[in-house]
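Just so you know, our numbering puts 94 at position 26 of the sequence shown, and the rest follows in order with no gaps. Glycine included, each C-beta is placed from N, C-alpha and C at the ideal position. Source: prediction; values computed, not measured. A quick write-up on the structure given underneath.
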Amino acid sequence: MTLQGVYNFQEADSTDTVDYVALEGIYKFNSSFRAYAGYRFEQIDALDDQIQAGVRYDF
Numbered sequence: 069m070t071l072q073g074v075y076n077f078q079e080a081d082s083t084d085t086v087d088y089v090a091l092e093g094i095y096k097f098n099s100s101f102r103a104y105a106g107y108r109f110e111q112i113d114a115l116d117d118q119i120q121a122g123v124r125y126d127f
């Protein structure tokens, strides 16, 4: 299992357009298949926080 943290910020003309912190957990079943789950904390008041999940398979 791998844990990952991300911070992303973007400003356009004195207005914040992107500002969030995300925490993710990634589990590798084998070299080709992995699943992840995470939570994204939005720092902009008009946006809601997000729960994210997914799977990835490399052919």
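| task | Return the first residue and the last residue of the beta strand (DSSP E) that Asp84 is part of. | result | To locate residue 84, count along the sequence shown from 1; it is residue 16. Here the beta strand (DSSP E) through Asp84 covers Thr83 to Lys96.
| Since Tyr107 contacts Ile94 with CB under 8 Å, what's their CB separation in whole angstroms? | Translated into the one-based positions of the sequence shown, residue 107 becomes position 39. Translated into the one-based positions of the sequence shown, residue 94 becomes position 26. In fact, because the Cβ distance is near 13 Å, the residues do not count as touching under 8 Å.
| query | Do you know offhand how far Ala121's Cα is from Ala80's? | reply | By 1-based counting over the sequence shown, the position of residue 121 is 53. By 1-based counting over the sequence shown, the position of residue 80 is 12. Using only the alpha carbons, I get a separation of about 29 Å.
| said: Here's a check: name, in chain order, each residue in its chain whose Cβ is nearer than 7 Å to the Cβ of Ile119, leaving out the five neighbours to either side. | reply: By one-based count along the sequence shown, residue 119 stands at place 51. If we look at Ile119 and ignore the five residues flanking it on each side, its Cβ neighbours are Tyr107.
| said: Can you tell me whether Ala114 is helix, strand or coil according to DSSP? | reply: Here residue 114 refers to the residue found at position 46 of the sequence shown. Reduced to three states, the DSSP call for Ala114 is coil.
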